[in-house]
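Position one of the sequence shown corresponds to residue 140 (my numbering), numbered consecutively onward.
Think of the CB as a built atom: it goes at the ideal place given N, C-alpha and C, for glycine as much as any other residue.
Just below is one structure, and these are the notes that go with it.
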Amino acid sequence: MTRISVDDLKETPQRRENIAFNEVLPIDEAVKPVVGELLLSLAAGGVKLTGNVKSLLKLQCQTCLRPYFYALSVDLDEYFVPRLGAMAEFEMGAPRDKELLKDDFYDSIPEDGFIDISDVVYQAVTLASPVFSRCGDECPGPPKPEGPCGSSVSGSGSEESQDQKPIDPRWKNLKTLFPNQE
140 MTRISVDDLK ETPQRRENIA FNEVLPIDEA VKPVVGELLL SLAAGGVKLT GNVKSLLKLQ
200 CQTCLRPYFY ALSVDLDEYF VPRLGAMAEF EMGAPRDKEL LKDDFYDSIP EDGFIDISDV
260 VYQAVTLASP VFSRCGDECP GPPKPEGPCG SSVSGSGSEE SQDQKPIDPR WKNLKTLFPN
320 QE
């Protein structure tokens, strides 16, 4: 777990710190550790974390159900500001309702003054992981259903068997209303 103190960051000569991130995070699909280069620097009114992390995920295609590997690369751009309560912001003249802009999304610096880099990277990797995973354009599609002998059913045989299926007796009367329709 990588934690950086904001007070220690203020004491560095350039007020920035390069972080070579290399950790095994609790992500079930991750085959390799999450690695990357991050830069933590003091910015106007807070701390900025930027960089890129990469990992290799082993996913299961949700179409053909085969496993495949997915190279994940995530760009980080997080901004941390000192914590102000909602009441303090209101007392400073902040409007109760306002439209959020890009610069309005930030995290608060925890009260102990330590920023948990591992948690920020974990959240970014989890959010960047694919929700619907597909192995690629050459995906063979869903597995074919197996016949009674264990062999897969061919496409033409399944169409013929659908025509020969008996009609449910509850729906049989509808066929008499539309005799020319299949």
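Distance, Thr265 Cα to Ala210 Cα: 13 Å
Hey, Glu156 and Ile166: beta-carbon distance below 9 Å or not? No; because the gap between Cβ atoms is not below 9 Å, this pair is not in contact.
Alpha carbon to alpha carbon, how far is Thr315 from Gly280? Give it in angstroms, no decimals. 38 Å
Return helix, strand or coil for Gln201, following the three-state DSSP convention. The answer is coil: DSSP assigns Gln201 none of H, G, I, E or B.
Unbroken alpha helix (DSSP H) run spanning Asn322, endpoints: Only positions 140 to 321 of the chain appear in this structure, which leaves residue 322 out of reach.
Can you list, in chain order, the residues of its chain whose CB lies under 8 Å from that of Pro172, leaving out five sequence neighbours each side? Asn161, Glu162, Val163, Leu164 and Ser194
Please state the DSSP three-state secondary structure of Ser272. coil
Going straight from the alpha carbon of Val186 to that of Leu179, what length do you get? 7 Å
Alpha helix (DSSP H) segment containing Val173, residue limits: From DSSP, Val173 is part of no alpha helix (DSSP H) but of the beta strand (DSSP E) over Val173 to Ala182.
Give me the Cβ distance between Asp214 and Asn191, rounded to the nearest whole Å; I'm assuming they're in contact under 8 Å. 5 Å
Assigned exposure category for Gln262 - 16 Cβ within 10 Å defines buried: exposed
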